[in-house]
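Convert by adding 7 to the 1-based position in the sequence shown; the result is the number in the working numbering. Beta carbons are placed, not taken as given, at the ideal position from N, Cα and C, and that holds for glycine. Below you'll find the structure, written out as C-alpha cells, and then a few comments.
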Amino acid sequence: MNIATAAVIVTSPDRNFVTLKLTTDDGLVGWGDATLNGRELSVASYLTDHVVPLLIGRDAHRIEDTWQFLYRSAYWRRGPVTMAAIAAVDVALWDLKAKSAGMPLYQLLGGASRNGLMAYGHASGRDQEELFDSIRLRLDQGFRSIRVQTSIPGIDAVYGVRAPAGQESEQHYEPAQRIARPMEEDWDTRAYLRHIPTVFEAVRNEFGPELPLLHDVHHRLTPIQAARLGKDLEPYDLFWMEDCTPAENQDALRLVRQHTTTPLAIGEVFNTIWDYQTLIKDQLIDYVRSAVTHTGGITAMRKLLDYAAQYQIKSGIHGPTDISPVGMAAGLHLDLAIHNFGIQEYMQHGDVTNEVFRQSFTFENGYLHPGNEVGLGVELDEEAAARHPYQPAYLPYNRLKDGTVHDW
Ligand code: EZ4
Ligand code: CO
Numbered sequence: 008m009n010i011a012t013a014a015v016i017v018t019s020p021d022r023n024f025v026t027l028k029l030t031t032d033d034g035l036v037g038w039g040d041a042t043l044n045g046r047e048l049s050v051a052s053y054l055t056d057h058v059v060p061l062l063i064g065r066d067a068h069r070i071e072d073t074w075q076f077l078y079r080s081a082y083w084r085r086g087p088v089t090m091a092a093i094a095a096v097d098v099a100l101w102d103l104k105a106k107s108a109g110m111p112l113y114q115l116l117g118g119a120s121r122n123g124l125m126a127y128g129h130a131s132g133r134d135q136e137e138l139f140d141s142i143r144l145r146l147d148q149g150f151r152s153i154r155v156q157t158s159i160p161g162i163d164a165v166y167g168v169r170a171p172a173g174q175e176s177e178q179h180y181e182p183a184q185r186i187a188r189p190m191e192e193d194w195d196t197r198a199y200l201r202h203i204p205t206v207f208e209a210v211r212n213e214f215g216p217e218l219p220l221l222h223d224v225h226h227r228l229t230p231i232q233a234a235r236l237g238k239d240l241e242p243y244d245l246f247w248m249e250d251c252t253p254a255e256n257q258d259a260l261r262l263v264r265q266h267t268t269t270p271l272a273i274g275e276v277f278n279t280i281w282d283y284q285t286l287i288k289d290q291l292i293d294y295v296r297s298a299v300t301h302t303g304g305i306t307a308m309r310k311l312l313d314y315a316a317q318y319q320i321k322s323g324i325h326g327p328t329d330i331s332p333v334g335m336a337a338g339l340h341l342d343l344a345i346h347n348f349g350i351q352e353y354m355q356h357g358d359v360t361n362e363v364f365r366q367s368f369t370f371e372n373g374y375l376h377p378g379n380e381v382g383l384g385v386e387l388d389e390e391a392a393a394r395h396p397y398q399p400a401y402l403p404y405n406r407l408k409d410g411t412v413h414d415w
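What follows is the structure, given as C-alpha cells:
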C-alpha cells in the first residue's frame, strides 16, 4: 500500500478548511485535516511545497516512521504550522490503514472504551435573558453539558458571544471573519472579574446543581487574577475553567492551582507534548485541550493522552468549527478508544460545510459517536469543495482601554 498521489484541497464553505488527500496504488483514499484558523495558506504551502513530494512512493502502513521522518528530517521542530501539516499526514495514514483493515479507526486504536462521548455545547448571550434562551436551545438539542460565555457590561465585543438564539448566524458561530484586517475587540479585566461570578450564580439558580457548566477565559488573565476567578467560581461547581492564563509559562498554572479547586483545562493553542511537560508531571491541570489537527495527529495525541492518564488527567479535545469534520472524526475515534476520556467540545458545523464533508458521526441524547464506517467515516466531496474557493479571514484581537494590545 504505497502512496501514489497527495493533494492539498483548500475550500471555504462556511469558513476556510485545508484538507490533505492521499491515494494509494491500490486505490484507497485517506483524508487529513490541516486547518489552522486565520493562517490556513501557510500550512497548505508547508504541505504542498515541502511534504507532498516526500510522500510519493512511501509505504502508507508505516505511520510511526512517517511521523518521525517528517518531524526529525525538517530539523526545525514543533510550531503550529509544522505540527498541523504532520497531523494531516498522520490522520490520512490512519484513515488509510483502517480502510485497508476494513474497520472503523477506533477499532485499530484498541476498540471502544465506552458507548458514547459526552459532548458540551456553547451557550452565550449579551444579557441574562439571551443567555438563558441560548442554554435552553442547547438543552433542547440534547446537550447535557454547556459552556457559558456572556457579554460584560462596559466591554463592546467579547469572545464567545454569538448572535441570539434563533438568528440564522447563531448556528455557526465563528470568531474568524472574512475581512482584510483583524477585527479589534476591547477588554477590561476588572469588569470581567466582577461580572462572571454573578452570571454563574444566576445560571445555577435557574438550571440547578446537576448541569455541568464550563467557561473559557481565553488566555486573558494573569496567574493571580486567574486564581481569584477560580476561587470566586468554586460555589458554582464548574466542570472546568479553560485557558485561564496564556500558558507559554507553564509555571503560571502552579500559582493558580495553589489557590483554587476549580478544575483547569488548557492547551488548544499547544502543539506538542512538551507544551504540557510541567503541567502534567506536576499535576497542574485536569484536562488536555489539544486538537488532533493541531498537535501532530493521532500518533502524537495518543502518546500525550497516555502520558496524561498516568496522572489522572483527562481529555477535553478541542472541537470548534475551525476543526474540519475530518479533524473532528479523528478526535472522536481517539476519544472512544482511550480510557481517560473527559468530555468532547462540539460546536456543530453549518449545512454548507456538511455538504462538502460527508460524515457518519452521530450526536444523540448529548453523546457523540464516530460511527461504524471504515476509516474515519468522513469523505470530502471535491466537486462541492471546488464551489467554495478560499477567502481571506482573520481572528480578532484585543486592546485595553488605553490602546495596549492584550491577549485575545
Ligand atoms: O477561539 O477555535 O474553546 N474554544 C475556543 C475556540 C477558539 C477558536 C480559534 O480558532 O477557544 O473558539
Ligand atoms: Co477555548
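When we look at the beta-carbon of residue i and count the other beta-carbons within 10 Å, is it buried (16 or more) or exposed?
{"i": "L291", "result": "buried"}
{"i": "K106", "result": "buried"}
{"i": "A164", "result": "exposed"}
{"i": "I280", "result": "buried"}
{"i": "Y243", "result": "buried"}
{"i": "G326", "result": "buried"}
{"i": "S297", "result": "buried"}
{"i": "R185", "result": "exposed"}
{"i": "T7", "result": "Residue 7 is absent from the model: the chain starts at 8 and stops at 415."}
{"i": "H346", "result": "exposed"}
{"i": "S158", "result": "buried"}
{"i": "P396", "result": "exposed"}
{"i": "P216", "result": "exposed"}
{"i": "P270", "result": "buried"}
{"i": "W83", "result": "exposed"}
{"i": "L103", "result": "buried"}
{"i": "P182", "result": "buried"}
{"i": "A254", "result": "buried"}
{"i": "Q156", "result": "buried"}
{"i": "N372", "result": "exposed"}
{"i": "R394", "result": "exposed"}
{"i": "A187", "result": "exposed"}
{"i": "Q398", "result": "exposed"}
{"i": "L240", "result": "buried"}
{"i": "P20", "result": "buried"}
{"i": "G37", "result": "buried"}
{"i": "L236", "result": "buried"}
Of the residues the options, which one's Cα is nearest the Cα of residue i?
{"i": "Y180", "options": "H376, R394, R22", "result": "R22"}
{"i": "E71", "options": "G34, A94, R85, A51", "result": "A94"}
{"i": "Y199", "options": "V210, P160, G237", "result": "P160"}
{"i": "P87", "options": "Q265, A126, A392, A41", "result": "A41"}
{"i": "E380", "options": "A392, S367, L35", "result": "S367"}
{"i": "F348", "options": "L387, G132, F364, K321", "result": "K321"}
{"i": "L62", "options": "V299, S49, V15", "result": "V15"}
{"i": "T285", "options": "R264, H376, G304", "result": "R264"}
{"i": "A57", "options": "A81, G123, G45", "result": "This sequence places His at residue 57; Ala is not what is there. Comparing Cα-Cα distances from H57 to each of A81, G123, G45, the minimum goes to A81."}
{"i": "L48", "options": "G323, A92, G118", "result": "A92"}
{"i": "G128", "options": "Y353, L236, V50", "result": "Y353"}
{"i": "Y53", "options": "G34, H226, L27, D66", "result": "L27"}
{"i": "P377", "options": "V155, I273, Y404, N122", "result": "N122"}
{"i": "T31", "options": "A11, Y78, R79", "result": "A11"}
{"i": "Y401", "options": "L35, G45, D33", "result": "G45"}
{"i": "E390", "options": "P204, E362, Q398, D293", "result": "E362"}
{"i": "Y318", "options": "T302, D289, G304", "result": "D289"}
{"i": "T55", "options": "G304, V25, L35", "result": "V25"}
Quick check: what's the CA-CA separation for residue i versus residue j?
{"i": "T360", "j": "V412", "result": "33 Å"}
{"i": "P355", "j": "Q148", "result": "Looking at the sequence provided, one finds Gln at residue 355 rather than Pro. Answer to the nearest angstrom: the Cα atoms are 11 Å apart."}
{"i": "G39", "j": "A108", "result": "18 Å"}
{"i": "M8", "j": "R69", "result": "10 Å"}
{"i": "R211", "j": "E191", "result": "32 Å"}
{"i": "R197", "j": "H266", "result": "19 Å"}
{"i": "G382", "j": "V206", "result": "43 Å"}
{"i": "G167", "j": "G117", "result": "36 Å"}
{"i": "Q75", "j": "E275", "result": "23 Å"}
{"i": "L144", "j": "R79", "result": "47 Å"}
{"i": "A51", "j": "K238", "result": "43 Å"}
{"i": "V299", "j": "R85", "result": "14 Å"}
{"i": "T328", "j": "E386", "result": "17 Å"}
{"i": "I231", "j": "T268", "result": "14 Å"}
{"i": "F364", "j": "D388", "result": "6 Å"}
{"i": "Y283", "j": "L375", "result": "26 Å"}
{"i": "I287", "j": "D33", "result": "42 Å"}
{"i": "E208", "j": "G384", "result": "41 Å"}
{"i": "E136", "j": "E213", "result": "11 Å"}
{"i": "A119", "j": "G323", "result": "17 Å"}
{"i": "R201", "j": "V59", "result": "51 Å"}
Quick one: does residue i have its CB under 8 Å from some CB of chain E?
{"i": "R85", "result": "Looking for chain E here will not work: only one protein chain is present."}
Decide yes or no for the touch test of the region 258 to 269 against the region 299 to 314: beta carbon pairs closer than 8 Å, at least 3 of them. no
Assess, as a yes-or-no matter, whether the region 321 to 339 is touched by the region 85 to 102 under the definition of 3 or more beta carbon pairs within less than 8 Å. yes
Okay, do the region 247 to 257 and the region 207 to 227 touch, 3+ Cβ pairs below 8 Å being the bar? A contact exists between the region 247 to 257 and the region 207 to 227.
Taking contact to mean at least 3 C-beta pairs separated by less than 8 Å, is the region 105 to 122 in contact with the region 337 to 344? yes
Taking contact to mean 3 or more Cβ pairs, one atom from each stretch, closer than 8 Å, check whether the region 135 to 148 and the region 314 to 324 are in contact. They do not touch, by the three-pair rule.
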